[in-house]
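A.B. asks:
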């Protein structure tokens, strides 16, 4: 992992050729291979290519949907459930296009952390149990996972005896990667 974030750590020359080679090696042959590619990549935790894949996917999405990120409304999302304090989620909306980001925080404070899975590899897993991201009623139900190429659906969740909301199960969001970058499915 490269933990250099801000000055003075980032003042040395950047090897752009090496980063271009790594990015080229991170590209699946075609989009239909993306789910298998992403699963194999995620199993390499804590390989630094994971960070590069997440960053490049986010930048690719920003390039594909510039209006969502440049002009789109910022919408903080409510998280409910046992580990709600350990997740940050928000969306951007521009017209009928949506992007949704969910990021765990302080997961090592959870008693349910399972640690690195030595048998199958991958990021430390968390038993998110009933934790979910609530969606406003005008949000779509079907979403694309930008990091793994798979789809995820929101389902109806009972908030209390008289209130229901469309929600995304956090365990489903983090099935492959420990972060989620979703877009609404295009018609």
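Residue numbers (the working numbering): 369 to 555.
Every residue gets a Cβ at the ideal spot worked out from N, C-alpha and C, and that includes glycine.
Go to residue 393, then tell me how far its beta strand (DSSP E) extends in each direction, as first and last residue.
C.D. replies: To locate residue 393, count along the chain shown from 1; it is residue 25. Where residue 393 is concerned, there is no enclosing beta strand (DSSP E), although the alpha helix (DSSP H) it sits in stretches over 384-393.
A.B. asks: Let's see if you can read the secondary structure: which residues bound the beta strand (DSSP E) around residue 458?
C.D. replies: Here the question's residue 458 lines up with position 90 in the chain shown. Note, residue 458: beta strand (DSSP E), 455-462.
A.B. asks: Check whether the segment 469-478 touches the segment 379-397, taking contact to mean three or more Cβ pairs, one atom from each stretch, closer than 8 Å.
C.D. replies: no
A.B. asks: Okay, do the segment 513-522 and the segment 537-553 touch, 3+ Cβ pairs below 8 Å being the bar?
C.D. replies: yes
A.B. asks: Can you tell me the Cα-Cα spacing of residue 507 and residue 451, whole angstroms?
C.D. replies: Looking up residue 507 in the chain shown gives position 139. Looking up residue 451 in the chain shown gives position 83. Distance between the alpha carbons of residue 507 and residue 451: 23 Å.
A.B. asks: I'd like the list of long-range same chain contacts for residue 535, defined as Cβ closer than 7 Å, with 5 residues on each side in sequence excluded.
C.D. replies: Indexing the chain shown from 1 puts residue 535 at position 167. The answer, listed in chain order, is 500, 501, 502, 503, 522, 523 and 525.
A.B. asks: Please list, in chain order, all residues of the same chain as residue 409 whose beta carbon is under 7 Å from its beta carbon, the five residues on each side excluded.
C.D. replies: Working through the chain shown from its first residue, we reach residue 409 at position 41. Correct list, in chain order: 417, 418 and 421.
A.B. asks: For residue 497, name the three-state secondary structure that DSSP assigns.
C.D. replies: Looking up residue 497 in the chain shown gives position 129. DSSP places residue 497 in coil when its eight states are reduced to three.
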